[in-house]
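Below is one structure, written out as structure tokens; comments come after it.
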Amino acid sequence: MAIGEVTPFGQNARKRGSAEEGAGEKFSTYFFLVFQILMVVAFGLFAEYGVAVHPDKAVDNGASVEEIYPLYQDVHIMVFVGFGFLMTFLYKYAWSSVSFTLMIGAFCIQWGILCVSFWDKLFKNRDEEALDVKIEMNLGVLVEGDFSAAAVLISMGAVLGKLSPMQLMFMALFEIIIYALNRAILVDELLVSDVGGSMVIHTFGAYFGLAVAFWARPTNQKERLSEAKSSYNSDNFAMIGTLFLWCYWPSFNSALAGNSANTRQRVIVNTVFSLATCGFTTFLMSRIFRKGKLSMVDVQNATLAGGVAIGACANMNTNIWGAMTLGGLGAIVSCFGYAKLQGILESKLGLHDTCGVHNLHGMPGVLSAIASFIFALTASEKDYSAAGIQQVFPSLNGDSPSDFDATDAGLRQLYSLACTLAFALVGGTMTGLIIRAFSRFTKQQTLFDDEESFEKED
Amino acid sequence: MAIGEVTPFGQNARKRGSAEEGAGEKFSTYFFLVFQILMVVAFGLFAEYGVAVHPDKAVDNGASVEEIYPLYQDVHIMVFVGFGFLMTFLYKYAWSSVSFTLMIGAFCIQWGILCVSFWDKLFKNRDEEALDVKIEMNLGVLVEGDFSAAAVLISMGAVLGKLSPMQLMFMALFEIIIYALNRAILVDELLVSDVGGSMVIHTFGAYFGLAVAFWARPTNQKERLSEAKSSYNSDNFAMIGTLFLWCYWPSFNSALAGNSANTRQRVIVNTVFSLATCGFTTFLMSRIFRKGKLSMVDVQNATLAGGVAIGACANMNTNIWGAMTLGGLGAIVSCFGYAKLQGILESKLGLHDTCGVHNLHGMPGVLSAIASFIFALTASEKDYSAAGIQQVFPSLNGDSPSDFDATDAGLRQLYSLACTLAFALVGGTMTGLIIRAFSRFTKQQTLFDDEESFEKED
Amino acid sequence: MAIGEVTPFGQNARKRGSAEEGAGEKFSTYFFLVFQILMVVAFGLFAEYGVAVHPDKAVDNGASVEEIYPLYQDVHIMVFVGFGFLMTFLYKYAWSSVSFTLMIGAFCIQWGILCVSFWDKLFKNRDEEALDVKIEMNLGVLVEGDFSAAAVLISMGAVLGKLSPMQLMFMALFEIIIYALNRAILVDELLVSDVGGSMVIHTFGAYFGLAVAFWARPTNQKERLSEAKSSYNSDNFAMIGTLFLWCYWPSFNSALAGNSANTRQRVIVNTVFSLATCGFTTFLMSRIFRKGKLSMVDVQNATLAGGVAIGACANMNTNIWGAMTLGGLGAIVSCFGYAKLQGILESKLGLHDTCGVHNLHGMPGVLSAIASFIFALTASEKDYSAAGIQQVFPSLNGDSPSDFDATDAGLRQLYSLACTLAFALVGGTMTGLIIRAFSRFTKQQTLFDDEESFEKED
């Protein structure tokens, strides 16, 4: 079937369109079935149990379960229950929201681990032999899998209800590759300090998704937008997502923080205070922006901005008041986004952002990057122990702590932000254009509606 | 605006009332915005990273994360998901229930830590210089923050649907001060043994809330009570709260239990058995009190009474059967409260207790205090190790374990109960009267209804 | 009241039936109240705090809390929130689903610990004196209590909506005895390797429940089956159960895995990969079996089959690809069951399986047993360390690791499967027949409907 083929008659076009689409849907299903099998083969060829997992390794690493597993499980709940239910606010699209979260999350754990490990090894070693070393599987790698899924699910928030399940799958397929490349550049090359992934995950995921939402928007989007609404119960379901995200966010930021120099506990304390301030400030800001009333949109989303806003600086010596200030700023930026900016972007640019990921992940992510630039710039060895400065600023890269160059550390944060925005916008644009090009083969007909994808009991 | 000013005409009064109220609402929003900023300043002046948090402290306390953090997260979920959803049973007030739980919880974490630390330092050291020592922030302090929030949220259960969001905020503001004072007297002065906070948190929160509910009741309460009902779905949402509270309660009781002499594991085992017996007994009692049928009110609430009933004795040598007996008694007391007593209190005293906190937190809390009196009275060094008796009974206060005075330890439990009841009832009455006095400036017009506080999508 | 007595007139029979049933309901309530009291007495006589729990034991076992407690809490959430909400998909039976889960779970924790400990001691020691040694209570024993509850709740899935609450209780009462006997034979006698309980818990629970569902089916089942359906919101509630089960399943499989030779972390890694593959494959299979659409039944259930399928081999050296393959097979088998087989069993055998436990627990459990046979058969000491082979294969039973007999280890898996199927089917049949015989005294009149058991607010 030739893409872009001219069809003279609307009706025929539509009919043929459906035939093509039927074929496209079927093809996609079997394509991903083969892809799943290939991933099993890839794990067979390129992965093995790590030293803390293999029954043959003499090392007994039970301790690492106690250290990481509870945090991993919290992250797991955030990704699947948190993101899943947060998106159920659409009153006719709740099945899709939770189901596609599970579908994409389960896919991304596998594909994310493969891609992250691939780029990571390539950038770390810069020789082809490095690729021969197998991926050592352990709990830390599983966390990386969930982080990949989080980035894609954030992007999904921007296009929610507007792309078909298979379009979402292709988005995930491409996004993971670019996500993992950007991550490798930031982590292995720019030596960024981004313990909570505010740049690597949140900023990237948000702007990637916005670019896809812009370029791959359905032609009937405008007349269907009134369907993108919530109901009384759907807003209650969404609060399940909000509350688990809010409570477990400290685990997200600290899962890969490491333990030396009290780092993990500092990340937890900073994140809790940022979220508490953000949570309370959101209620005040919502009343201020909404003429004395509260909006469930703000309550569901802006309360979480503190987790993103502290992300890149959560292990830094921000002090309690610094963490609280960032949380408060996160709430203000996010509430402003939901109450004012989002409508402007929609009416002026035609950019429809279903879940408002720009307000929850995009702007707070940029805020966090800028804050981390300031905290790095003003850091000095005396505020940290030798171990502390080494753990918090990878830019030191093995040098003596007394050689710590705060300007260099700060600038790396800005370069990383710029790199992330570039990869997200360019990658998202390319992905969006591809999805649009193939929209004949699979697309969502009735937006914001489960009916198209699900069997309904009568 | 003069309070109590006579207004001759109903209509004018109402109109002026709304004008005043509009001003009161606006004032409250900005008042709490300033208050939030002042809390940031206070944390800047009076708090610092603790030894297990600061990057500059040489100590590496990763272990404390493994020891406390999973328990802390369970408590976090109980406070925000548990209490939040438990209160969604009101079919038109679910948004308010979960949202205000988040608003008040986020506020109380901050304000609670400040107040608890303030009174604690004052009572522990009894000199002004003690106040110059900064609050050392760590996971244990965060748990104290969540405990403060729990006390206020229990009180909120008694007034749910009847106070406006800003009235709730002022209640929280005052309650935390009195809660922290009562806590300091019990912990630092009376040397109470109350590992699960049955007195400090549950009894205090319940009777404080009941006093507020009595004194600050809206004038139109009686004719609106028929709105305080549940629907099929709202009862399902409430079960989310119930089940998380039921499952995680052992973490609540053990979060600050300490590890020596097996204390934490004993608290967990006792609480699980108390809850299992209570959970099952509730179903039987509900059928007995309700003519063979079950009531969702009992299922949602009385099943949890075992967690409160074992609270003050959870670290004591109660034996499994002792814990089970307490759980069973908790179920009986609580079911009796929901099925019989609550209606009597309402019709005879005009005391409307929306969530029945008297049945879930009040009476089981008193039961726990009395049980702890008996278990302390019969305790002896030979039932405990030297380390055990020191950890369980702070009344020993550094004396040799062989000097343990069971009568003294027991009486301290009773004094603590009396002190808690006095502070709760007097503090709640004062707070209720203040709220009533200012009800012109902010009050709930349409009870048990989200519409007044939230924007609704059309 | 004579059972089977002939009653000439329908109406009289019905009237008398209700009188008998009223008496039966009342009797059952008080019977279980006495039973609860007897369980308290039994724990008083036969149980005591274990060495890690008693305040008098010098040993300080705080570490065991960090090692097991987070896993135990995840299992707790799976049993009460997971199973409870998974079964709320019935749109008029959601209250019953979550409530009876709590009722039965709370009962089974107690009764399960007593029965498991009883048979365990009898089989381990084979002398009567062994029974004089008290049950040592600790976190591991609590996990056993939750596992017993899980088996019964799986069976409940097969009969959901068709048995009255008291019939369910009697089923639980008998099932636990047989469950604990089968478990003791497998664990203590056949020395099975079944770390995740795929045979002990899932296969047993499923086939026991199916037998009960077959023999104790209500006479009016056929005409009421149209009521066994879901609604839009009830399917959303069910997804709460699904997602918590999906996320926490690695904790279920690893809770009693032990730490030596990296066992626990290997179980976690294997289970995560099995579930990820299963989760994604389910979406593809659902589209293939359901003509391009997804079914919420598949999404809610088949996504979890990977947790069961890997269960018996989760600690074995399956490699990542092996775990993934098992997960994928689990999805295929389970989707096939839901889409095709279940309807056939219903129309051909009259076997109605409300939640499709045969597809989620039955067939994947058998699959896991067969897979574990293969993995055991091909195991050798060189794939494991000495410690590893001893932890994974109890059949070694203290012998030197070099004496490991793979054929013996493999066959024990098959014997265990056969034993489990026999006990489940015979035990379930007996229990079903007893329930049917006494159905005059208590039975469900209006199937799949909460109204009969619950007070409704008007």
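Those protein sequences? They're chains A, B and C, same order as listed. So the first sequence is numbered by this note's numbering: it starts at 493 and just counts up by one. So the second sequence is numbered by this note's numbering: it starts at 493 and just counts up by one. So the third sequence is numbered by this note's numbering: it starts at 493 and just counts up by one. All residues carry an ideal CB built from backbone N, CA and C; glycine is no exception.
Just the chain B side, please: which residues come within less than 8 Å of residue i by C-beta, in chain order?
i: W741/C; result: Neighbours of W741/C on chain B: none; closest Cβ ~16 Å, over 8 Å.
i: W611/C; result: Chain B residues near W611/C: none, gap ~19 Å exceeds 8 Å.
i: F946/C; result: K785, L786, S787, M788
Is the separation between the beta-carbon of residue i and that of residue j shorter than 8 Å?
i: L767/B; j: G576/C; result: no
i: L678/C; j: S908/C; result: yes
i: A539/C; j: K626/C; result: yes
i: S746/A; j: V759/A; result: yes
i: L631/A; j: A622/A; result: no
i: V684/A; j: R904/A; result: yes
i: A664/B; j: C600/B; result: yes
i: P547/C; j: A753/B; result: yes
i: G604/C; j: L645/C; result: no
Candidates the options: which alpha carbon is nearest residue i's?
i: F519/C; options: F940/C, E944/C, R932/C; result: R932/C
i: G902/B; options: M570/B, F885/B, L913/B, T711/B; result: F885/B
i: Q602/C; options: G799/B, G835/B, V761/B, S839/B; result: V761/B
i: A749/A; options: I670/A, N889/A, Q882/A, E715/A; result: Q882/A
i: F610/C; options: A598/C, D624/C, G597/C, G697/C; result: D624/C
i: Q659/A; options: K948/A, A641/A, L614/A, A708/A; result: A708/A
i: M648/B; options: T773/B, G701/B, S892/B; result: G701/B
i: N674/C; options: Q936/C, A916/C, F930/C, F940/C; result: A916/C
i: M570/A; options: A641/A, A831/A, G516/A; result: A641/A
i: N617/B; options: Q565/B, G516/B, D680/B; result: D680/B
i: S718/B; options: M531/B, S894/B, T773/B, L582/B; result: L582/B
i: F775/A; options: Y876/B, M629/B, P657/B, A794/B; result: P657/B
i: G919/A; options: L939/A, N728/A, I669/A; result: I669/A
Which chain B residues are close to residue i, counting only those with a beta carbon under 9 Å from its beta carbon?
i: I732/C; result: I732
i: E667/C; result: Neighbours of E667/C on chain B: none; closest Cβ ~16 Å, over 9 Å.
In chain C, which residues lie with their C-beta within 9 Å of the C-beta of residue i?
i: T773/B; result: L525, Q528, A598
i: W587/A; result: Y724, D727, N728, M731, L786, M788, V791
i: M629/A; result: V761, F765, I812
Residue i versus chain C: which residues are under 7 Å apart at the beta carbon?
i: E558/A; result: E558, E559
i: I569/A; result: C739
Can you name the residues of chain C whose CB is closer than 8 Å to the CB of residue i?
i: G784/B; result: G514, E517, K518, T521
i: S877/B; result: P547, D548, K549, A550
i: T934/A; result: The premise fails here: T934/A is roughly 11 Å from chain C at the closest Cβ pair, so nothing lies under 8 Å.
Can you pull the chain B neighbours of residue i, defined as C-beta to C-beta under 7 Å?
i: A539/C; result: I812
i: A768/A; result: A598, I601, Q602
Please list the partners that residue i has in chain A, where partner means a Cβ-to-Cβ separation under 8 Å.
i: A705/C; result: Going along chain A, no residue has its Cβ under 8 Å from A705/C, so there is no contact; the nearest lies around 21 Å.
i: T795/C; result: L594, A598
Are at least three pairs of beta-carbons, each pair with one atom in the stretch 629-636 of chain B and one in the stretch 915-933 of chain B, less than 8 Å apart?
Contact fails: fewer than three Cβ-Cβ distances are below 8 Å.
Cβ pair count under 8 Å reaching 3, the stretch 652-669 of chain B against the stretch 591-600 of chain B
Contact holds: three or more Cβ-Cβ distances are below 8 Å.
Is it a yes or a no for the stretch 693-711 of chain A touching the stretch 854-874 of chain A, going by three-plus beta-carbon pairs under 8 Å?
Segments in contact, yes.
Touch test, the stretch 803-820 of chain B against the stretch 679-694 of chain B, Cβ-Cβ under 8 Å, three pairs minimum:
Contact between the stretch 803-820 of chain B and the stretch 679-694 of chain B is present, because at least three Cβ pairs lie under 8 Å.
Can you list the alpha helix (DSSP H) stretches of 4 or more residues lying completely in the stretch 557-630 of chain C, in chain order?
The stretch 557-630 of chain C contains these whole alpha helix (DSSP H) runs: 575-578, 586-617.
Entirely enclosed alpha helix (DSSP H) segments - the stretch 839-875 of chain A, minimum 4 residues:
You should have 855-869.
With three or more C-beta pairs closer than 8 Å as the rule, is the stretch 808-824 of chain A touching the stretch 555-564 of chain B?
No, they do not touch.
Cβ contact check for the stretch 830-847 of chain A and the stretch 706-720 of chain A: 3 or more pairs under 8 Å:
The answer is yes - the stretch 706-720 of chain A touches the stretch 830-847 of chain A, with three or more Cβ pairs under 8 Å.
The stretch 782-800 of chain C contacting the stretch 826-834 of chain C, beta-carbon criterion three pairs below 8 Å
Taking 8 Å as the limit for Cβ pairs, the verdict is that the stretch 826-834 of chain C does touch the stretch 782-800 of chain C.
3-residue-minimum beta strand (DSSP E) runs that sit fully inside the stretch 655-709 of chain C, ordered along the chain
You should have found no qualifying run.
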